[in-house]
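Peer 1: Residues 1 to 92 in the UniProt record's numbering are what the sequence shown lists, from first letter to last. The C-beta atom is built at its ideal place from N, Cα and C for all residues, glycine as well. I have a structure I would like to understand better, so I am pasting it below and will then ask my questions one at a time.
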Amino acid sequence: KVRGCTAEVRVAVDLRRADDAGLLTVRLGGTSDARLTRGILALLVEGLEGESADAVLQLDGKVIAAAIGSQAGLTESRINGLGNILSVVQAQ
């Protein structure tokens, strides 16, 4: 469950070994009771799917949320929610 979101949001993260060297890649899933939040979550899933765990951990959620939010015309609450979702992904 993602804290700090207006909507009810659940995120699941699965790490998979991509090669014999032990590189971990990210697989994401999730859902929300709010249609807009499901769309935001889908964008994150699409953008992060298959990325290395190290790359995901290096992301700055506040910068990404602000960049996406301003281009998409999201409210401050939704922008904060996007950052919160990414924080949960990184913590898992």
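Across which residues does DSSP place D14 in a beta bridge pair?
Peer 2: Answer by DSSP bridge pairing, in chain order: R27.
Peer 1: What do you get for L41, buried or exposed, if any count of 16 or more other CB atoms within 10 angstroms of its CB means buried?
Peer 2: buried
Peer 1: If you draw a straight line from the alpha carbon of L43 to that of Q71, how long is it in whole angstroms?
Peer 2: Spanning the two alpha carbons is a distance of roughly 13 Å.
Peer 1: Use the C-beta contact count for T31: other C-beta atoms within 10 angstroms, 16 or more gives buried, fewer gives exposed.
Peer 2: exposed
Peer 1: If we count the other Cβ atoms within 10 Å of its Cβ and call it buried at 16 or more, is L23 buried or exposed?
Peer 2: exposed
Peer 1: How is V89 classed by DSSP in three states: helix, strand or coil?
Peer 2: helix
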